[in-house]
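I have placed the structure first, in the form of structure tokens, so that the comments after it can refer back to it.
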Amino acid sequence: MGQREMKQTEPVRVLPFSVENLRALLPTPKMLLDNCSVCHVIGNGGSRMVKGGTVEYDTIPAAVQHLNYFMRLGEQVETNWLNICPHCDRLYYCEESSEFLIPDSEEYQRFVPIQPEAVLKLSAVSWANATGKGEIHEHDDGTWCIVRDAEKLQQVMQAGSPEENTETGNDTPKEMGGVSNEMSRVERTHKGFSGHGRRRPERSKLSASSLLVQEILAAAGQPVSAHTLTIQEMEHAVKEGRVLQVHYWSHFGEGEASFSFATDFGIVEEGRVHPTYFVFPRPIPLLLRCQSESDWEKTDDVFAAFGIHGA
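Residues in the sequence shown are numbered from 1127 upward in steps of one, following the numbering used here.
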């Protein structure tokens, strides 16, 4: 079951957001994966990429259609949620994103099993925890939703749907001009995001770059330094959207380092991959393919943020 629009009805139960309350709601699987008729077929899940109407790859098992919707991880523009197996209560992290580009648009989907403890480490959970205003809403159909700022959500609900309150194509309600300004700030922070299609969610008081790192790690897995790969392996990784590049700039001895999504890669004289790249085991979701702020002093600091040491 896929993503849903935000429910317009009042929740039947509201809990103050806390990691403890959230963990209490997340079930633990009642049986091993191999013993569940649904999860055994789904296995480690899969992903799907469509570019310009052409399917680049699709490894999502058909059995995901048997999963039930369980929890929305954020209100309004969020594109990630949790599904649950009706037989064993195993949770699945799900996401979908779209990038409307010229001439070709891109659509990405992913379903992957996730443990309750890993849910607590997702950046959507961190954002809700950081606001101090978060709530967890239960709806009449038994599904849940994490709300980062209940007061702001209520304002949006009262203002009506984005389609009914637009100006010059801006999908932010007229009454929420402050939100529009905040979104513009976020989009400037993430320079690689085109601004077309779904917008990135509002960032909390935590570092935007730190949250971006957390979200990429949660979605794409633990990366390795590119110098451990062959040229052919690197070409394959770039094609699948699994590579980030580290950038370094200095001015009068003060260094600044950042990272961005890589669409190509460099080679050193010895015929090896340039050491400023690192590669993930899974594709980086479209909405995360953006450039970070220059929040690090050295390239090694960027590698360390992703768990790579001695690169």
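Ideal Cβ positions, reconstructed from N, Cα and C, are used throughout, including at glycine. Keep in mind that this is a model prediction, so the values were computed, not measured.
Residue closest to residue 1268, alpha-carbon to alpha-carbon, out of 1434, 1418, 1140, 1164:
Measuring from the Cα of residue 1268, the nearest candidate turns out to be 1140.
Can you name, in chain order, every residue of its own chain whose Cβ lies under 7 Å from the Cβ of residue 1371, other than the five neighbours on each side?
Only 1385, 1386, 1388, 1402, 1403 meet the Cβ criterion.
How big is the Cα-Cα spacing for residue 1215 and residue 1151?
12 Å
Pairwise C-alpha distance: residue 1400 and residue 1211:
C-alpha separation (whole angstroms): 43 Å.
Would you kindly report the start and end of the unbroken alpha helix (DSSP H) that includes residue 1253?
1249-1257
Taking the alpha-carbon positions, what's the residue 1168 to residue 1188 distance?
8 Å
Give me the Cα-Cα distance between residue 1426 and residue 1374, rounded to the nearest whole angstrom.
Here the alpha carbon of residue 1426 sits roughly 10 Å from the alpha carbon of residue 1374.
Kindly indicate which residue of 1256, 1171, 1154, 1178 has the alpha-carbon position closest to the one of residue 1231.
1178
Let me know the secondary structure DSSP gives residue 1180 once reduced to three states.
Three-state DSSP puts residue 1180 in a strand.
Completely contained alpha helix (DSSP H) runs for the segment 1336-1380, where each covers 4 or more residues
1357-1365
I need the boundaries of the alpha helix (DSSP H) containing residue 1243, first residue and last residue.
1242-1245
Flag this pair as touching only if the segment 1407-1417 and the segment 1333-1346 have three or more C-beta atom pairs under 8 Å; answer yes or no.
yes
Please say whether residue 1261 and residue 1273 have beta carbons closer to each other than 7 Å?
yes
Chain-order list of residues whose beta-carbon lies under 6 Å from that of residue 1337 (same chain, five-residue window excluded)
1249
Keeping to the same chain, check which residues put their C-beta closer than 6 Å to that of residue 1220; ignore five residues upstream and five downstream.
1207, 1209, 1237
For residue 1335, is the classification buried or exposed, using 16 other Cβ atoms within 10 angstroms of its Cβ as the cut-off for buried?
buried
Would you decide whether residue 1149 is buried or exposed? Buried here means 16 or more other CB atoms lie within 10 Å of its CB.
exposed
Residue 1213 - DSSP class collapsed to helix/strand/coil:
Here residue 1213 carries a coil assignment [DSSP, helix/strand/coil].
Do residue 1184 and residue 1198 have their C-beta atoms closer together than 7 Å?
no
Taking the beta carbon of residue 1349 as the centre, do at least 16 other beta carbons fall within 10 Å, making it buried, or is it exposed?
buried
Kindly identify the DSSP beta-bridge partner or partners of residue 1161.
Paired residue(s): none; residue 1161 is not in a bridge.
Measure the C-alpha to C-alpha separation of residue 1181 and residue 1241 and round it to an integer number of angstroms.
29 Å
Supposed close pair residue 1382, residue 1420 - CB separation, criterion 8 Å
4 Å
Using three-state DSSP, classify residue 1406 as helix, strand or coil.
coil
Residue 1222 versus residue 1176 - alpha carbon distance
The C-alpha of residue 1222 lies about 11 Å from the C-alpha of residue 1176.
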